[in-house]
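Let me begin by presenting the structure, written as structure tokens, before commenting on it.
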């Protein structure tokens, strides 16, 4: 693999780069070649201007061109072969089977969006034909559909070097909507990012589309802010920490012309264990829960980080099972030393909290040279939890906190104190759930996805998925970053009034040449 | 009519009010009885808390309850009879036929949203059935729909005392989505606001719904900001000036948990006159244009405030026709003295601009005692326009500016310099439009609604309407404040994973008991 160590601005390697950095292999501590150059501010400007120019020249092309681009990107990523997986493994410490699955998800996602674009009904076409004889005033002919916003900035996430990085869900959905993309590469996997960026550039050439539809820039906060503040940018997609996401949101909101920021900033994903379920299958729940909160070494935004149960015999019997499962869990290499240090700092802070007790840690000792995180579980009472809201901070890594309440009402009070979440999960038998109506109703107000008798890690890419939630889980609870609805983030309606047939886009023409499902006279139809 | 001169907090008159003010009749200058009390900060707090409580107890009711509420509101507003129109006329100076039409629009809007809620498919229900045998991993059962956000603040607009005020489009769409509403009354028509608020309160009683679903507060900027910053508020809808809308947006974005603000802040709504159209029907265009920019004394957010034409014989012949039509136009009472003073200040500033010439003013002199505005039209060259971007500021009132370019390319350059707009209009023959492809493509990027051979004033309330546009026309170009799609502003998706049938809301149950159009296995169907 030929890595240049440069940004890629509209298909061309960056030339005026800034600071130099190396990726580190977290499993060995070794610096990886080559060195990478951060982008310069003029390069950021060039990337966004190229995106704006490409948008103007390409946005009125048939949507088939976009579908082919997405499919060609998938093929070009697959054509990178094992070299992509090897580089991703070296940069992230993630195991090869996981990365193989993530590549399949990434390419499947691109092809799914191609299918959505090709089918086309996502543009929500609406036609109100003219009513020239209506009293007291005639109605004009009105036709409305969604069109692309314009250039979008995408921030690669550390924990999904393929599926939520350079050609991940944000890029796929933005391109599907018809928006050019400028990706700010995550500095933990610059080589993986460049390989995928080269694949996208090749796909653009193969499809005969403007190179400006995609750029990749390397850099830190200054580059990120310059990108978000660029006058020609129209939206931002981000997956990462609340601090970084909030900073981008604030920068976008204070622009002369504010733009939307879709920042997915994760949370603690509360999980409730109801008594009869614990009695019936406590051992299975202990195993499932440890599997979920240690999956990916606890570095999923949907990790269940807060477990609620009411004090009872079943809970007393469950805690030793949970402790045993944690003790048996393996340590794992975390994505970066920064994440490891933050995990240990949070664990150290938690250990100082009055009334909070370590329930178990993995028997295996973490290997510092391999940047390992050690699975741990602590517990506390609901009354302690209610007094110390700082306990609900996310600990990114293989840790979860059990909160034991004296009554269902006390757990409801804890739930009321929670901020917005991506997910909330309840384990219960039919009888348990019958008695949990208030809890389920409250959780609808707190989270974007509710699960019964499952685990929140594992996010399906499908039409009915919603990966989002009230602040601070995301900056915009009305949109999802996973699933086919994700492209709705990057579009806005436009209405054509009394347009001659010849000037209407195909989606709104009388004959329905694209065979879309449309709302005609307020009735959904393909006619 | 029994006016209390108080806020209405969850059905009860405010008691701890602040400063006292009177409405003024702009057509006479007379102060109108009774005095009105501004709300106190504790009353704002009580209103939002009552809304949050009412939301929790009512949001899981059948949607039929919401549809009935909207219809009952319409009936109660109609039952106010002529007294409502008389008060509105006294407070706004708007003529009775206009107010009669606006009441019909307001009640029609409420009934239209009732129909949308009753039909129900707006919740965008999506079902991905479980695939237990899928390899490498089974797919869980996923079901997604839109649910209400929570309490919404609505700011009444001065220029639509019924259709965009207390029971206007924002309130109707928020209640339709299932959100409680706290309206901040516009201080120019407090009596009209109270009458409508009492009608809503009666409708809630008649429908057996919690009084907290609606409150009305009087007050100025301090009350507005307290409302927007209230922790239990979840969204804001506003129609008014860029200064006020931007202040609310900034306050909402800087909350610990930011909330969406849908501020419609209008613009200059450019209108392009192409040569052949001017040649063929210059006189008709002059009449239509003057009718549009003086409609409602130029106080519509869709007023065409900027007219572009290329210098040619047809334009030379058109300008005298336009001037004659303006001279013949009547003066009209503006909504408030503040609006009159701002209009005169803008006119005075415009008259100082080098290279800008008054083309005509109405022959009739404005009557200061009747708070009248005098129709005026000025003209300038495209090169002057490009040098002085401050010319594009909206002048709220009966004024429009004609910009004459030397070439179509110069008008394209002017168009590129424009900010986002609600509307853009092109008058042209088929031949004109054939040559205007670049202009039309550019206007799609600048505006939310494009019109051919029409006038942008007059906004249809229908499924295909889009009343919105890129910043600064609105703070969120992705949503409309007029038409059935307006309720999408106040909802967010929620996803249920592996929920037992008994716990699913009716919209997502297997049997489709509500007969909704749903996306099942990625296919739209009522089955």
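Chains as they are written, first to last, in the numbering used here: chain L, 397 to 923; chain H, 397 to 923.
Where is the CB? At the ideal position from N, CA and C, for every residue including glycine.
Inset, instruction - Just the chain L side, please: which residues come within less than 9 Å of residue 694 of chain H by C-beta, in chain order? - result: Within chain L, no residue comes near residue 694 of chain H; the closest Cβ sits about 20 Å away, beyond 9 Å.
Legend entry - C-alpha distance - residue 655 of chain L paired with residue 657 of chain H, whole-angstrom precision: Between the alpha carbons of residue 655 of chain L and residue 657 of chain H lies a distance of about 12 Å.
Inset, instruction - Let me know the secondary structure DSSP gives residue 926 of chain L once reduced to three states. - result: The displayed coordinates of chain L run from 397 to 923. Any statement about residue 926 of chain L would go beyond what the structure contains.
Legend entry - Within 9 Å of chain L by C-beta, residues of the region 856-884 of chain H in sequence order: Within the region 856-884 of chain H, the residues whose Cβ lies closer than 9 Å to some Cβ of chain L are 856, 858, 859, 860, 861, 862, 863, 864, 865, 866, 867, 868, 871, 872, 873, 874, 875, 876, 879, 880, 881 and 884, listed in chain order.
Legend entry - Buried or exposed by the 16-neighbour rule on C-beta atoms within 10 Å, applied to residue 852 of chain L: The residue in question, residue 852 of chain L, is buried, as its Cβ has 16 or more Cβ neighbours within 10 Å.
Legend entry - Interface residues of chain L facing residue 543 of chain H [CB-CB closer than 8 Å]: Chain L residues near residue 543 of chain H: 840.
Inset, instruction - Assign residue 750 of chain L to one of two classes, buried (16 or more other C-beta atoms within 10 Å of its C-beta) or exposed (fewer than that). - result: By the neighbour-count criterion, in which 16 or more other beta carbons inside 10 Å mark a residue as buried, residue 750 of chain L falls on the exposed side.
Legend entry - Which of helix, strand or coil DSSP assigns to residue 409 of chain H: Residue 409 of chain H: strand per DSSP, three-state reduction.
Legend entry - Cross-strand partners of residue 871 of chain L (DSSP beta bridge): In the DSSP output, where bridge partners are listed per residue, residue 871 of chain L has none listed.
Inset, instruction - Buried or exposed for residue 747 of chain L, please, with buried defined as at least 16 other CB atoms from any protein chain shown within 10 angstroms of its CB. - result: Burial call: exposed.
Legend entry - Alpha-carbon to alpha-carbon, residue 627 of chain H and residue 500 of chain H: Going by the C-alpha atoms only, they are around 36 Å apart.
Legend entry - When H/644, H/859, H/479 and H/598 are compared against residue 520 of chain L, the one with the closest alpha-carbon: Looking at the Cα atoms, H/859 is the closest of the given residues.
Legend entry - Inter-stretch contact at 8 Å, needing at least 3 Cβ pairs: the region 736-743 of chain H / the region 706-723 of chain H: Pairwise C-beta distances place the region 736-743 of chain H out of contact with the region 706-723 of chain H, as fewer than three of them are shorter than 8 Å.
Legend entry - Nearest neighbour of residue 437 of chain L, chosen from L/458, L/403, L/754 and L/650 [CA to CA]: Nearest of L/458, L/403, L/754 and L/650 to residue 437 of chain L, Cα basis: L/403.
Inset, instruction - At 8 Å on the CB atoms, spell out the chain L contacts of residue 539 of chain H, in chain order. - result: Residue 539 of chain H reaches chain L at 860, counting residues in chain order whose Cβ is nearer than 8 Å.
Legend entry - Residues bridged to residue 635 of chain L [DSSP beta-bridge criterion]: In DSSP, residue 635 of chain L forms a bridge with L/660.
Inset, instruction - Kindly indicate which three-state DSSP category residue 860 of chain L falls into: helix, strand or coil? - result: If DSSP states are grouped into helix, strand and coil, residue 860 of chain L belongs with coil.
Legend entry - Sequence-distant residues of the same chain with beta carbon closer than 6 Å to residue 696 of chain L, five excluded per side: Counting only Cβ-Cβ distances below 6 Å, and skipping sequence neighbours, we find 853.
Inset, instruction - Determine the DSSP secondary structure at residue 697 of chain L, reduced to helix, strand or coil. - result: The answer is coil: DSSP assigns residue 697 of chain L none of H, G, I, E or B.
Legend entry - Through-space distance from residue 561 of chain L to residue 636 of chain L, alpha-carbon basis: The straight-line gap separating the alpha-carbon atoms of residue 636 of chain L and residue 561 of chain L is approximately 11 Å.
Legend entry - Chain-ordered chain H contacts of residue 933 of chain L [CB-CB under 8 Å]: With chain L represented from 397 up to 923, any question about residue 933 of chain L goes unanswered, as that position is not in the structure.
Inset, instruction - Note down, in chain order, every chain L residue with its Cβ under 7 Å from the Cβ of residue 697 of chain H. - result: Residues of chain L passing the Cβ test: none, with the nearest at roughly 15 Å.
Legend entry - Exposed unless 16 or more other CB atoms sit within 10 angstroms - verdict on residue 505 of chain L: Looking at its Cβ environment, which holds 16 or more other Cβ atoms inside 10 Å, residue 505 of chain L is buried.
Legend entry - Proximity of residue 569 of chain H and residue 812 of chain H at Cβ, strictly below 8 Å: No, they are not a contact pair.
Legend entry - chain L contact residues for residue 338 of chain H, given Cβ-Cβ distances below 8 Å: Absent from the structure is residue 338 of chain H, since the part of chain H shown begins at 397 and ends at 923.
Inset, instruction - Report the neighbours of residue 846 of chain H on chain L: residues whose CB is nearer than 8 Å to its CB, in chain order. - result: For residue 846 of chain H, the C-beta contacts it makes with chain L under 8 Å involve 890, 891, 892, 893 and 895, in order along the chain.
Inset, instruction - Would you verify that the beta carbon of residue 850 of chain L is, or is not, closer than 8 Å to some beta carbon of chain H? - result: Under the Cβ criterion of 8 Å, residue 850 of chain L is counted among the residues facing chain H.
Inset, instruction - List the endpoints of the continuous beta strand (DSSP E) containing residue 541 of chain H. - result: Per DSSP, the unbroken beta strand (DSSP E) holding residue 541 of chain H starts and ends at 538-544.
Inset, instruction - State yes or no: is the beta carbon of residue 653 of chain H nearer than 8 Å to at least one beta carbon in chain L? - result: At least one chain L Cβ lies under 8 Å of residue 653 of chain H.
Inset, instruction - Report yes if the CB atom of residue 794 of chain H is closer than 8 Å to the CB atom of residue 769 of chain H, and no otherwise. - result: Yes, the pair counts as a contact, with Cβ atoms nearer than the cut-off.
Legend entry - Residues from the region 629-647 of chain L in contact with chain H, defined by Cβ distance under 8 Å: Residues passing the 8 Å Cβ filter: 645 and 646.
Legend entry - Where the beta strand (DSSP E) containing residue 655 of chain H begins and where it ends: Taken as a continuous stretch (DSSP letters only), residue 655 of chain H belongs to no beta strand (DSSP E), as it is neither H nor E.
Inset, instruction - At 7 Å on the CB atoms, spell out the chain H contacts of residue 523 of chain L, in chain order. - result: For a Cβ distance threshold of 7 Å, residue set 860 of chain H lies close to residue 523 of chain L, ordered along the chain.
Legend entry - Heavy atom of the ligand MG within 7 Å of residue 841 of chain L beta-carbon: In the structure shown, the ligand MG is absent, as is every other ligand, since no ligand is present at all.
Inset, instruction - Starting from the beta carbon of residue 456 of chain H, find every residue of chain L whose beta carbon is closer than 8 Å, and list them in chain order. - result: Under the 8 Å cutoff, chain L gives 837.
Legend entry - Best match in L/787, L/772 and L/771 for proximity to residue 778 of chain L [C-alpha to C-alpha]: Closest by alpha carbon: L/787.
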